[in-house]
Amino acid sequence: MAETLTPAEAETEFWKSLKESNTGMLGLDRPGYHHQPMTGFGEPEVGAIWFFTRTDTDFARDVAAGGQGGGVLGMFCYQAKDQKVQACFHGALSIDADRARIDKYWNPVVAAWYPEGKDDPHLTLIRFDAEHGRVWVSNKGALGFGYEVLKANLTKTTPDAGGVADVNL
1 MAETLTPAEA
11 ETEFWKSLKE
21 SNTGMLGLDR
31 PGYHHQPMTG
41 FGEPEVGAIW
51 FFTRTDTDFA
61 RDVAAGGQGG
71 GVLGMFCYQA
81 KDQKVQACFH
91 GALSIDADRA
101 RIDKYWNPVV
111 AAWYPEGKDD
121 PHLTLIRFDA
131 EHGRVWVSNK
141 GALGFGYEVL
151 KANLTKTTPD
161 AGGVADVNL
């Protein structure tokens, strides 16, 4: 039997995990569009995730072109390094070169992509306003997961891999 996970618990686990392991796959929510790895900086209080990008990328141009008048639909898929939390969210993408957030999240890894620093003319942010999605949480770890698979095969049942909940951020 799977553990019960409320939407509030799932949301809390997602934001906590994103803070610790903040890379996922981000892209437009369109058929045939390929998502790309992006590092996000989450703000649970507003339900938004911020991503540094360059204005001269196809992705940034696509968001800018589709984002006039309220944003373009996007999707963010996430899996924590420890595999405890997985999530997939739909929401609105928009370009937002918020200087306060650039200053807040600027770090040596981000700086490597912008030779001219915070004043690089190609520096911008993509804002992802997460709306709804699904979060999976498992506290089993690799050993616990292996035990659940073994037990399921021996007892002809299904493994308890954790809980899942639909959330609205």
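Start counting the sequence shown at 1; every next residue gets the next number (UniProt numbering).
We put the CB at the ideal spot given by N, CA and C, even for glycine.
Whole-angstrom distance between residue j and residue i, CA atom to CA atom
i, j, result
"ARG101", "GLY42", "11 Å"
"GLY117", "MET38", "19 Å"
"LYS16", "GLY74", "22 Å"
Helix, strand or coil at residue i according to DSSP, with G and I counted as helix
i, result
"PRO31", "coil"
"VAL137", "strand"
"GLU9", "helix"
"GLU116", "coil"
"LEU150", "helix"
"TRP15", "helix"
"THR23", "strand"
"THR155", "helix"
Neighbour-count burial assignment, residue i, 16 or more Cβ in a 10 Å radius
i, result
"ARG127", "buried"
"residue 171", "The requested residue 171 does not occur in the structure, where the chain is confined to residues 1 to 169."
"VAL109", "exposed"
"LEU150", "exposed"
(message) What ranges does the alpha helix (DSSP H) occupy inside the segment 31-103, keeping only unbroken runs of at least 4 residues that lie completely in it?
(response) 58-66
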